[in-house]
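Asker: Numbering (the working numbering), first residue to last: 1287 to 1897. We put the beta carbon where it would ideally sit given N, CA and C, even for glycine. Here the structure is a predicted model, which means the values were calculated and not measured. The structure's right below; bear with me while I get my questions together.
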């Protein structure tokens, strides 16, 4: 061990403590007044006792630890070292015939004083470094309750002590009866999570911190609703994934967001399989600047592809990804390509230049009301013809796997967007051959925070003071987080053998009215201040979404969140007819277009076809 100046200072500290403890033992033995004859004995034996204790302390490794992180193992080493030294002291004095009278009570008091002073000084230093003493001098910090009394809460208390952030914890809450009434880092576990409002009132607290990174989202949602209804501010520690990855510390408190409440349990990925699929391979993502496309790029980058080809029509979105990825993934080779998926010549040229092994096709027009009426023709061309163009190029240039992002709106569609995505699924099914490129489609519902999601709109309306507009009181939608959706797309891409339509487990549908109410409460307001206004269903909109059509069922897969839809096979001959029709140079009128969609997608039922 290198003897740094700090280590030498600690050794000198312990030598002085050893001398003090030996003399203090005599002092206490004789009721604070040592007789002259025993003063001489104390000083003469000191020259034997202190060096002996110093050697024992060194041999027990007391100077390998760091005082700032002093803990129970350090205290244990001190006790063992002091105990051994206490046994060696009388043996040494007898062996070397030291002629001095040492009272037996001194031999007992000395080790007790050593443990108290040496251990106490180390713990006091840690307390000082962690600002525990300093925090007592700052009574202006806000009191908070912590929901949870597990390891996350323990880490949080340590971090807040080490790096004060304007809060001090006055109590913990936990549903475990074994923990209630006990102390964590000196802070009491007051009661159950359901009693948070009562304890907040009793302790005069306005803020609650959720220290439950691995708890089910339903638990966090229930606690948050209880807190918001009681007028409490709710914060949370970072997710378990971020903590494990080291991206943030446990004390990085932030306000609870919708992802924390509507998200689901972490996705278990077949990392070894995905490494075989992606690591060292050229991977292409179309729509790489969109909500799903950009997250797919981030997730793929984690697996170290040889090159990531970003194909995107929006210059701004592509620029953002070109700037972001090199910062987060240094060394990742990227190829940013501006392009339109309907441009077959350009798509073929890109494929010929980069020869991707895997293609994730996320480029699509997906905003339901915008894709109705006058924009319907462009929706059909972009979503159907664009898919066919990229898929055909993938076949031509030997792409191993082609994964197409679909939607729950493709099931019994009532809008043009949904019908086009069902046609895109059918195109992938029709192009599947016994050998060559394997085509896989993945259906899922709304993702939290995507560009087409209702959530950004609600956030802007709440910031403006309302009203929050909901189309219908009973409208429901499925939701999942963008990272979860992207991870399951990768997993489906790995598992697909060709021709499948994977359906993601979307959980339970969420009433949009309840979503709006929750977002209003999370903002710190209530419905008396920000009202909800119902505007009526928009063109092509359904009250509820489905993940399976009436004539479909699913088969299980090895992954609990993925199933395979037993979808209706496309009619023979429709493929050539469809793409000849899409090559038409002029735009079809809306009625003609919807009539033709109805022929190819019999389950399509637009409003104009309803009785």
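Hey, out of 1679, 1386, 1770, 1324, whose CA is closest to residue 1630's CA?
Answerer: Taking only the C-alpha atoms, the option nearest residue 1630 is 1679.
Asker: On the criterion of 16 or more Cβ atoms from any shown chain inside 10 Å, does residue 1729 qualify as buried, or is it exposed?
Answerer: It is buried - the Cβ of residue 1729 has at least 16 other Cβ atoms within 10 Å.
Asker: Kindly say whether residue 1307, judged by its beta-carbon, lies nearer than 8 Å to any beta-carbon of chain D.
Answerer: In the displayed structure, chain D is absent; only one protein chain is listed.
Asker: State the start and end residues of the unbroken alpha helix (DSSP H) segment that holds residue 1312.
Answerer: Its alpha helix (DSSP H) spans residues 1291-1315.
Asker: Please work out which residues of its chain come closer than 6 Å, Cβ to Cβ, to residue 1897, disregarding the five sequence neighbours upstream and downstream, and give them in chain order.
Answerer: Residue confidence for residue 1897 is low, a pLDDT of 47 falling below 50, so the modelled location carries little weight; the figure read from the coordinates is stated next. None.
Asker: Among 1443, 1586, 1859, 1303, which one has its Cα closest to the Cα of residue 1567?
Answerer: For residue 1567, the nearest C-alpha among the options comes from 1586.
Asker: I think residue 1254 touches residue 1753, with their Cβ atoms under 8 Å apart; what is that distance to the nearest whole Å?
Answerer: Because the chain spans 1287 through 1897 in this model, residue 1254 falls outside it and cannot be assessed.
Asker: One question on the structure: do residue 1845 and residue 1773 come within less than 8 Å of each other, judged by their Cβ atoms?
Answerer: It is not a contact, given that the beta carbons lie outside the stated cut-off.
Asker: Quick check: what's the CA-CA separation for residue 1532 versus residue 1370?
Answerer: The predicted model places residue 1532 with a pLDDT of 49, which falls under 50 and marks its position as unreliable; any figure quoted below should be read in that light. Residue 1532 and residue 1370: Cα-Cα distance of roughly 41 Å.
Asker: Determine whether the beta carbon atoms of residue 1700 and residue 1892 lie at a separation below 8 Å.
Answerer: Their beta carbons are under 8 Å apart, which means residue 1700 touches residue 1892 by this criterion.
Asker: Out of 1703, 1759, 1775, 1795, state which residue places its alpha-carbon closest to the alpha-carbon of residue 1883.
Answerer: The residue with the shortest Cα to Cα distance from residue 1883 is 1703.
Asker: Using the three-state DSSP reduction, which class does residue 1458 fall into: helix, strand or coil?
Answerer: Residue state, collapsed to three classes: strand.
Asker: Taking one C-beta from the region 1655-1668 and one from the region 1632-1640 each time, how about it: are there three or more such pairs within less than 8 Å?
Answerer: Cβ pair count under 8 Å is below three, so no.
Asker: What is the DSSP secondary structure of residue 1389, counted as helix, strand or coil?
Answerer: Coil, per DSSP.
Asker: Could you tell me whether the Cβ atoms of residue 1560 and residue 1589 are closer together than 8 Å?
Answerer: Cβ distance < 8 Å, so residue 1560 and residue 1589 count as in contact.
Asker: Hey, would you say residue 1726 sits closer than 8 Å to residue 1684, going by beta carbons?
Answerer: Contact: no.
Asker: Would you identify the three-state DSSP class for residue 1365, choosing helix, strand or coil?
Answerer: Three-state result, residue 1365: helix.
Asker: Do you know how far the Cα of residue 1876 is from the Cα of residue 1660?
Answerer: Straight-line Cα distance between these residues: approximately 7 Å.
Asker: Got a sec, what are the start and stop residues for the alpha helix (DSSP H) residue 1343 sits in?
Answerer: Taken as a continuous stretch (DSSP letters only), the alpha helix (DSSP H) holding residue 1343 covers 1322-1345.
Asker: With DSSP collapsed to three states, give me the class of residue 1534.
Answerer: Confidence at residue 1534 is low in this model, with a pLDDT of 48, below 50, so the placement of that residue should be treated as unreliable; the coordinate-derived value is given next. Coil at residue 1534, not helix or strand.
Asker: Residues in the same chain with beta-carbon distance under 6 Å from residue 1335, minus the five sequence neighbours each way, listed in chain order, please.
Answerer: Excluding residues within five positions, the ones whose Cβ falls inside 6 Å are 1308, 1375.
Asker: Looking only at its chain, what residues have a beta carbon closer than 6 Å to the beta carbon of residue 1898, apart from the 5 residues adjacent to it on each side?
Answerer: No answer is possible for residue 1898: it lies beyond the span of the chain, which begins at 1287 and ends at 1897.
Asker: Compare the C-alpha of residue 1496 against each of 1489, 1474, 1468, 1430 and name the closest.
Answerer: Checking every option, the nearest Cα to that of residue 1496 belongs to 1430.
Asker: Following the continuous alpha helix (DSSP H) through residue 1798, name the residue where it begins and the one where it ends.
Answerer: Where residue 1798 is concerned, the enclosing alpha helix (DSSP H) stretches over 1798-1808.
Asker: Quick check on this structure: which residue in 1395, 1383, 1475 has the alpha carbon closest to the alpha carbon of residue 1316?
Answerer: It is 1395 whose Cα lies nearest to the Cα of residue 1316.
Asker: Quick check: the region 1397-1411 against the region 1319-1332, are at least 3 beta-carbon pairs closer than 8 Å?
Answerer: No contact exists between the region 1319-1332 and the region 1397-1411.
Asker: For residue 1377, tell me which candidate among 1576, 1338, 1708 has the shortest Cα-Cα distance.
Answerer: Measuring from the Cα of residue 1377, the nearest candidate turns out to be 1338.
Asker: Between the Cα of residue 1388 and those of 1312, 1632, 1795, 1709, spot the shortest distance and give me the residue it belongs to.
Answerer: Among 1312, 1632, 1795, 1709, the Cα nearest to that of residue 1388 belongs to 1312.
Asker: Whole angstroms are fine: how far does the CA of residue 1511 sit from the CA of residue 1804?
Answerer: Distance between the alpha carbons of residue 1804 and residue 1511: 8 Å.
Asker: Do you know how far the Cα of residue 1758 is from the Cα of residue 1516?
Answerer: So the two alpha carbons sit approximately 28 Å from each other.
Asker: So the beta strand (DSSP E) residue 1856 belongs to, where does it begin and stop?
Answerer: Counting along the chain, residue 1856 falls outside any beta strand (DSSP E), and DSSP gives it neither H nor E.
Asker: Judging by CA-CA distance, which residue of 1656, 1791, 1711 is the nearest neighbour of residue 1824?
Answerer: It is 1656 whose Cα lies nearest to the Cα of residue 1824.
Asker: Under 8 Å, do residue 1457 and residue 1443 count as touching if we go by C-beta distance?
Answerer: No.
Asker: Provide the residue span of the alpha helix (DSSP H) that contains residue 1900, from first to last.
Answerer: With the chain covering 1287 to 1897 only, the question about residue 1900 has no answer from this structure.
Asker: Over what stretch of residues does the beta strand (DSSP E) that includes residue 1820 continue unbroken?
Answerer: 1818-1820 is the extent of the beta strand (DSSP E) around residue 1820.
Asker: Between the beta-carbon of residue 1435 and the beta-carbon of residue 1470, is there less than 8 Å?
Answerer: Yes, the Cβ-Cβ distance between residue 1435 and residue 1470 is below 8 Å.
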